[in-house]
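1 is the number of the first residue of the sequence shown in the working numbering; add one for each residue after it. The next block holds one structure in the form of structure tokens; read it before the comments.
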Amino acid sequence: MDGLNPDRHTIKLVHWPQDNHPSILAFEAFILIPHRTNTLSHSRSIAPRKVSQHSWSLVQKGSTGVNAMQLVVVSQERVLIIDKVEHNPLTIDGHPAWASEYNLLTHAVKPVRLQSNSFCAGGSFLGNGTLINVGGNPVVEDHTGAADFGDVNGLQAVRLYHPCDSVDGECSFYENHERVRMASPRWYNSVVRISDGSAMIIGGSIKGGWINNATVNNPTIEYYPPKSIHGSKGNPIHIPFLQETVGANLFPIATSLPDGRVFIAANQDAIIYDWKRNTEIRLPRLPNGVRVTYPMAGTGLLLPLSYEDNYTPTILLCGGSTVDDKTASYEISSQTPASSQCVRMVLDEGGIKKGWEVEQMPQARLMPDAVFLPTGQVVIINGAGSGISGYGNVKDQVGASNAANPVLKPVLYDPLLPPGSRFSSEGLPSSSIPRLYHSVASLTPQGNIMIAGSNPNLDRSEVAYGTEYRAEWLNPPYMGAQRPKILNYKNVETIPFGKTFSLRVENCGDKSQGRGVFMDLGFVTHAVHMNSRMVYAKIIQTADGLWSITAPPNENVYPPGPAWMFFLCDGIPSEGKKVIIGEGHSPPVDEAIAH
Ligand SMILES: *[C@@H]1O[C@H](CO)[C@@H](O)[C@H](O)[C@H]1NC(C)=O
Ligand SMILES: *[C@@H]1O[C@H](CO)[C@@H](O)[C@H](O)[C@H]1NC(C)=O
């Protein structure tokens, strides 16, 4: 084929199986789709990716000690795992633990002390690098009561955890329910770090249940530290959208946008919320009746932001179900097919006018996890082919699971390729471990994906879809390649917005293309990847092995707080290095309402 630029192109073979000769492959068309940058919605450069002799691998290694309902990477070698109060094998203070710290380098796990029931909390880092874990459940007396576990009600809990970045540091949660708590009870709330480095806590129910309803709905937001804005005096602020979407609207999919506003999707609708003005703009309804938030759990990501198109935001939502949230539980089956739909929209005036662009994943998925690789590709992994989130509610339960038909093979989504060619499963390994309700996946600083959890049960259980403690590691091909290495780096440096600084990099030759990204690996639970973010940085080579890289320009593009910096050489990423973007200050405290 003549006239093709050296770049990535797509060959499509179209084959219609013949009924009478099922074994014959008859090609009806052979289509070559040359890659041209101007066919994309963004003028982004795709880094040439070295065709590598390495392949994907999936390795089962390690045990999480508690079920991995919530997971967050807290330092170069540590992952914090948070569960609900239940009979886990790992113990602390003479009772089963419900949180643990997993060491990425040694695979050792140790229990972490919690006072309150963290079932099902949300979380976020603040601008000063402290993690908050908020909301949860009351004490569940009949199975996992306070007599056995010593736990307290977690519905209004604020649990503070400051990561210790030294290898042998001991870090622990701070809980003081008299002094530090939310203004209202929240079960299944989402958390977003906003442009002043504080956390916006969104929605939830005032008590545990399943599909949300008007009696238990908490259609409000509040902030941590509390803010007295819009006359709230630190009390919850009513959000009409969270009232109107009642039903499948728990664990909203939310993200800070590069103009400081916040995108929120719930049920089959979405808004852009301006927290400074307390106004919401309704976006077009999600197409084809797909509901994307709990219990029809889909997943969502703000696609990578780049200086190359002035940080134009595109939102991606994948999976979920078309089951009506007014359907009685006994009419919903674990076998009801999930949705394979992904939708995306550019969140500027032109993009909103154009509306949602619809794509189909190769397989339907409920409760998928969407995980960025430093290459800008998204791994969609975990979940079920049918049913609905939760346990003990619907007909045809498998064990207690409301969902069935685990999807065992991940799929790769490349947002920069033209529609119709973005999904690929080629070379991706299948697992034998179902990862259903209460499972997670996250990128690690090392660059691979940690997969853990699944527990569609009231308490630890051995029945089909039992409580799963085995961790798995999905290694992209670059894990086996010679990788670039950032040499001049001090642990957790604070990098002011817009600052240009110098990186000394090994294993990246003179003629190579270098890229830099700042990533938030997110707080992961229930298919929601709170604060997951990826921002491309301006970078130029200044000398052999020396690169000059510029931090994100302002607090809207990257809300102040922790980030992982990766350097990519011809598409092969280094390990991530933890930095704090901004000043590292604690978020503003409103003295008038501070107690
Ligand atoms: C609302 O949800 C709660 C919690 O699941 C449940 O106890 C209650 O019966 C529901 N109310 C209605 C009217 O469905
Ligand atoms: C970060 O800010 C929060 C909220 O004000 C505060 O509770 C926490 O102690 C701060 N962390 C550090 C390390 O100062």
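By construction, the Cβ of each residue, glycine as well, lies at the ideal position given by its N, Cα and C atoms. Please read all numbers here as calculations on a predicted model, not as lab measurements.
(request) Specify, as a first and last residue, the run of the alpha helix (DSSP H) that K354 falls within. (result) 349-354
(message) With H, G and I counted as helix, E and B as strand and the rest as coil, what does DSSP make of G260?
(response) Secondary structure at G260: coil, using DSSP grouped into helix, strand and coil.
(request) From the DSSP output, read off the bridge partner residues of P185. (result) DSSP output for P185 lists no bridge partner at all.
(message) Using only the alpha-carbon positions, how far apart do K538 and V517 sit?
(response) 9 Å
(request) Could you tell me whether the region 110-120 touches the region 157-167, using the rule of 3 or more Cβ pairs below 8 Å? (result) yes
(request) Please go through the same chain and pick out, in chain order, the residues whose beta-carbon is closer than 7 Å to the beta-carbon of V589, but skip the five residues on each side of it. (result) Here the set comprises P225.
(message) Suppose the cutoff is 6 Å on Cβ atoms and the five residues either side in sequence are ignored; what does the same chain contact list for T500 look like?
(response) S548, T550
(request) Please list, in chain order, all residues with a C-beta atom less than 6 Å from at least one heavy atom of ligand 2. (result) L126, N128, T130, L160, H162, P225, S586, P587, V589
(request) With a floor of 3 residues, list each beta strand (DSSP E) that falls wholly inside the region 420-489, ordered by position along the chain. (result) 439-443, 449-453, 470-475
(message) Just to confirm before moving on: does the CB-CB distance between V139 and N153 stay below 8 Å?
(response) Contact flag set, yes.
(message) Measuring straight from C-alpha to C-alpha, what distance separates P432 and K511?
(response) Looking at the sequence itself, residue 432 is Ser, so the reference to Pro does not match. Cα to Cα, S432 sits roughly 42 Å from K511.
(request) Please name the residue, chosen from V59, L90, W56, that lies closest to A68 on a Cα-to-Cα basis. (result) Checked all of V59, L90, W56; the closest Cα to A68 is L90.
(message) When you compare the CB positions of L443 and L521, do they come within less than 8 Å of one another, or not?
(response) yes
(request) Rank T106, P258, V557 by C-alpha distance to the C-alpha of V167 and give the top, closest one. (result) T106
(message) Tell me which residue opens and which closes the beta strand (DSSP E) that P562 is part of.
(response) 561-569
(message) Taking 7 Å as the limit between beta carbons, can you name the residues of its chain near A592, skipping five residues before and five after?
(response) Same-chain partners within the cutoff: S228.
(message) Considering only the alpha carbon of each residue, which of F497, P573, F523 lies closest to S190?
(response) F523
(request) Take the Cβ of L546 as the centre, count every other Cβ of all protein chains shown within 10 Å, and call the residue buried at 16 or more, exposed below. (result) exposed
(message) Check whether the region 550-561 and the region 192-212 touch, using three or more Cβ-Cβ pairs below 8 Å as the test.
(response) yes
(request) May I ask you to check if the CB of T91 is nearer than 7 Å to at least one heavy atom of ligand 3? (result) What this structure holds is ligand 1 and ligand 2, not ligand 3.
(message) Which runs of the beta strand (DSSP E) at least 3 residues long sit entirely within the region 486-551? Give them in chain order.
(response) 493-495, 500-506, 514-520, 523-525, 528-530, 533-537, 539-543, 546-550
(message) In whole angstroms, give me the CA-to-CA distance for K621 and H438.
(response) Since the first and last residues shown for the chain are 1 and 595, residue 621 lies out of range.
(message) Suppose contacts are defined by Cβ-Cβ distances below 8 Å. Is L286 in contact with V343 by that definition?
(response) Taking 8 Å as the Cβ cut-off, L286 and V343 qualify as a contacting pair.
(message) Given 7 Å as the limit, tell me if V85 has its C-beta closer than that to any heavy atom belonging to ligand 1.
(response) no
(message) Quick test of the definition: if touching needs 3 or more C-beta pairs under 8 Å, does the region 324-341 touch the region 410-429?
(response) no
(request) Pair every Cβ in the region 387-405 with every Cβ in the region 369-376, then say whether three or more of these pairs are closer than 8 Å. (result) no
(message) Just to confirm my understanding: we take I281, look at its own chain, exclude 5 residues before and 5 after, and list those with CB closer than 7 Å. What are they?
(response) I271, I272
(request) For D148, I'd like the list of residues in its chain whose CB is within less than 7 Å of its CB, leaving aside the five on either flank, ordered along the chain. (result) Contacts found: H95.
(request) Pick helix, strand or coil for N288, following the three-state DSSP scheme. (result) Note: N288 maps to helix in three-state DSSP.
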